[in-house]
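Numbering (the working numbering), first residue to last: 1 to 393.
Remarks on the structure that follows.
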Ligand SMILES: *Cc1c(COP(=O)(O)O)cnc(C)c1O
């Protein structure tokens, strides 16, 4: 670009309309600068927080903002941000669970069949079985490992998570989308673990994606939030209607907080993925580990699919130690691990999943790898492992 073109705001704005430079990096740089050239003089770059229940509404109702259960300027800004990240349209919710419920409620009628993973997110299964099955939806499950061979005929909706959590088994999204559409079913992917930067289910043919933004997308462990995104206007209209009518709406302050968290998503994700790979490799070589499960390790059964389908291998590691006592000693003995549930925060954390009844060994730990400086984190994790058994190194 010539110097003249660089100084001309109009031409610069036009340059901003073109396609993003190739790859997820270009997409995120475009995302960060999506408003850089379009705002009126004096307009703030930060979105507004608008705490109101009412808007001025004279005579016949008109305009985008009429009642605050239906719309809020801060929601609009956040939905545009999430949509830009996904190259789709988005509808936000006060939790990931509410986002999932909006899909089940708007897409399923009594007598229609829903397929979920038996080893997927427990909250989704519980919601489907407790509230939707009793209203006539036929809820069926199969394990992540069985999805590839499970016939999709006769389903209205197939809602899958990949990698599964905490087993970290993979589903081939492109293949599932093709088979679902051939069978007349819709495919929705819960993309909470990977985020739109780590995996693009919509590009691979999924009809919608759903997220708990509570996890990696917000990343600061100070918020519960969720959203649905899709390129299918009819599907998304159903989701939006459910929110307007049933009232599962986020607060304006929370929407602002998520928008702020999103600004550093690419930075956090890059560090988390690099840290997770470094830890998985180091743990796999340590004598005290019974098993280390991470899609980025060549020993993972779906490593090839992970390399093709994902951009990075995620921030979760399945670490199996000898027993419950070893697992507790490892977690408590490591100063850089928060003992907590949930995952995706910028502080590394860990918990034994057997305490929630997951079908895992007593010594199985789900490690959520955060954004700490890599060498310091790796050294501290290995030091805590050394307390259990001398390293083989
Ligand atoms: C946490 C989670 C949810 C539920 O989200 P909340 O924000 O806790 O309501 C749904 N799906 C997956 C995969 C999750 O990890």
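Glycine included, C-beta positions come from ideal geometry on N, C-alpha and C.
Among 260, 60, 196, 67, which has the Cα closest to the Cα of residue 218? By 1-based counting over the chain shown, the position of residue 218 is 218. Here the closest residue by C-alpha is 260.
Please confirm if the region 189-197 is in contact with the region 210-230, defined as three or more CB-CB distances below 8 angstroms between the two stretches. Proximity of the region 189-197 to the region 210-230 meets the contact definition, three or more beta-carbon pairs being nearer than 8 angstroms.
Report the option in 362, 175, 73 whose CA atom is closest to the CA atom of residue 309. Indexing the chain shown from 1 puts residue 309 at position 309. Each of 362, 175, 73 was checked against the Cα of residue 309, and the nearest Cα belongs to 175.
Fully enclosed by the region 17-84, which alpha helix (DSSP H) runs are 4 residues long or longer? The region 17-84 contains these whole alpha helix (DSSP H) runs: 23-32.
Using three-state DSSP, classify residue 380 as helix, strand or coil. Stepping through the chain shown from its first residue, residue 380 is reached at position 380. Collapsing the DSSP output to three states places residue 380 in a helix.
Touch check for the region 272-280 and the region 360-379: three-plus C-beta pairs under 8 angstroms? Touching, per the Cβ criterion.
Sort 51, 91, 382 by Cα distance to residue 225 and report the nearest one. The residue labelled residue 225 in the question sits at position 225 within the chain shown. Ranking 51, 91, 382 by Cα distance to residue 225 puts 91 first.
If we require 3 or more residues per run, which beta strand (DSSP E) segments fall completely within the region 77-156? For the region 77-156, whole beta strand (DSSP E) runs of length 3 or above, ordered along the chain, are 89-93, 113-117, 138-142.
Would residue 199 be called buried (16 or more neighbouring beta carbons within 10 Å of its own) or exposed? Position 199 of the chain shown, counting from 1, holds the residue named residue 199. With 16 or more Cβ atoms within 10 Å of its Cβ, residue 199 is classed as buried.
How would you write the range of the alpha helix (DSSP H) that residue 321 sits in, first residue to last? Position 321 of the chain shown, counting from 1, holds the residue named residue 321. In the DSSP annotation of this structure, residue 321 is not part of any alpha helix (DSSP H), being labelled neither H nor E.
Rounded to whole angstroms, what's the CA-CA distance from residue 60 to residue 74? Just pull it up for me. The residue you call residue 60 lines up with position 60 of the chain shown. The residue you call residue 74 lines up with position 74 of the chain shown. Cα-Cα distance, rounded: 24 angstroms.
Is residue 360 close to ligand 1? I mean its beta-carbon at under 6 angstroms from any heavy atom of the ligand. The sequence position of residue 360 within the chain shown is 360, counting from 1. Not one heavy atom of ligand 1 sits closer than 6 angstroms to the Cβ of residue 360.
Considering only C-alpha positions, which residue in the set 347, 364, 348 is nearest to residue 354? Position 354 of the chain shown holds residue 354. Distances from the CA of residue 354 to each of 347, 364, 348 were compared; the closest alpha carbon is that of 364.
Considering only residues of the region 269-327, which uninterrupted beta strand (DSSP E) runs meet the minimum length of 3 residues and lie entirely inside it, listed in chain order? Correct list: 291-293, 316-320.
Note down the Cα distance separating residue 72 from residue 50, rounded to an integer number of angstroms. Position 72 of the chain shown, counted from the start, is the residue given in the question as residue 72. Position 50 of the chain shown, counted from the start, is the residue given in the question as residue 50. Inter-residue distance for residue 72 and residue 50 is about 7 angstroms (C-alpha atoms, whole angstroms).
Taking 6 angstroms as the cut-off, does the CB of residue 188 come closer than this to any heavy atom belonging to ligand 1? As a working mapping, residue 188 is identified with position 188 in the chain shown. No.
Tell me whether residue 95 counts as near ligand 1, meaning its Cβ is closer than 6 angstroms to at least one heavy atom of that ligand. Position 95 of the chain shown holds residue 95. Within the cutoff, so yes.
Near residue 207, which residues of its chain fall below 7 angstroms by C-beta distance, leaving aside the five closest residues on each side in sequence? In the chain shown, residue 207 corresponds to position 207, counting from 1. 186, 187, 188, 230, 232, 235, listed in sequence order.
Run of the beta strand (DSSP E) containing residue 245, from where it starts to where it stops: Residue numbering aside, residue 245 sits at position 245 when the chain shown is read from its first letter. For residue 245, there is no enclosing beta strand (DSSP E); the enclosing alpha helix (DSSP H) has its first and last residue at 233-246.
What does the alpha-carbon distance come out to for the pair residue 240 and residue 389? The count along the chain shown starts at 1 and reaches residue 240 at position 240. The count along the chain shown starts at 1 and reaches residue 389 at position 389. Between residue 240 and residue 389, the C-alpha separation is close to 54 angstroms.
Run of the beta strand (DSSP E) containing residue 261, from where it starts to where it stops: Walking along the chain shown from the start, residue 261 turns up at place 261. Note, residue 261: premise wrong, no beta strand (DSSP E); alpha helix (DSSP H) at 252-262.
Assuming contact is defined by CB atoms lying nearer than 7 angstroms, are residue 304 and residue 292 in contact in what I supplied? Taking the chain shown and counting its residues from 1, one reaches residue 304 at position 304. Taking the chain shown and counting its residues from 1, one reaches residue 292 at position 292. The answer is no: Cβ separation not under 7 angstroms.
Between 257, 140, 107, 286, which lies nearest to residue 152 when the distance is taken from Cα to Cα? In the chain shown, counting from the first residue as 1, residue 152 sits at position 152. Of the candidates 257, 140, 107, 286, the one whose C-alpha sits nearest the C-alpha of residue 152 is 140.
How about the region 376-390 and the region 332-339: do they share at least three Cβ pairs that are nearer than 8 angstroms? With a cut-off of 8 angstroms, the region 332-339 and the region 376-390 count as touching, because enough Cβ pairs lie within range.
Inter-residue spacing [alpha-carbon to alpha-carbon] between residue 243 and residue 100: Start at 1 with the first residue of the chain shown, and residue 243 comes out as number 243. Start at 1 with the first residue of the chain shown, and residue 100 comes out as number 100. Going by the C-alpha atoms only, they are around 12 angstroms apart.
Give the DSSP-derived three-state secondary structure of residue 220 in the structure shown. Reading the chain shown from its first residue, position 220 is the one you call residue 220. Correct three-state label for residue 220: coil.
Using 10 angstroms around the beta-carbon of residue 117, count the other beta-carbons present and answer buried if the total reaches 16, otherwise exposed. Taking the first residue of the chain shown as 1, we reach residue 117 at position 117. With 16 or more Cβ atoms within 10 Å of its Cβ, residue 117 is classed as buried.
Residue 9 to residue 69, Cα distance in whole Å? For the purposes of this step, residue 9 is taken as the residue at position 9 of the chain shown. For the purposes of this step, residue 69 is taken as the residue at position 69 of the chain shown. Bear in mind that a pLDDT of 36 at residue 9, under 50, signals an unreliable position, so the model cannot answer this.
Ligand 1 heavy atoms versus the CB of residue 340: any closer than 6 angstroms? Counting from one through the chain shown, the residue named residue 340 turns up at place 340. Flag unset: Cβ of residue 340 not near ligand 1.
For residue 193, three-class secondary structure by DSSP: Here residue 193 refers to the residue found at position 193 when the chain shown is read from its first residue. In the structure shown, residue 193 sits in coil (DSSP, three-state: anything other than H, G, I, E or B).
Using alpha carbons as the reference points, say which of 168, 44, 288, 48 lies closest to residue 251. Position 251 of the chain shown holds residue 251. Ranking 168, 44, 288, 48 by Cα distance to residue 251 puts 48 first.
Rank 77, 65, 80, 159 by C-alpha distance to the C-alpha of residue 107 and give the top, closest one. In the chain shown, counting from the first residue as 1, residue 107 sits at position 107. For the options 77, 65, 80, 159, the alpha carbon positioned closest to that of residue 107 is the one of 159.
Check whether the Cβ of residue 121 sits closer than 6 angstroms to any heavy atom of ligand 1, and report yes or no. Start at 1 with the first residue of the chain shown, and residue 121 comes out as number 121. Correct: residue 121 has its Cβ closer than 6 angstroms to ligand 1.
Would you report the Cα separation of residue 197 and residue 55, rounded to the nearest angstrom? Indexing the chain shown from 1 puts residue 197 at position 197. Indexing the chain shown from 1 puts residue 55 at position 55. The alpha-carbon atoms of residue 197 and residue 55 are separated by roughly 36 angstroms.
Does residue 265 come out as helix, strand or coil in the three-state DSSP assignment? As a first step, residue 265 is located in the chain shown; it is residue number 265 there, counting from the start. Residue 265 falls in the helix class under three-state DSSP.
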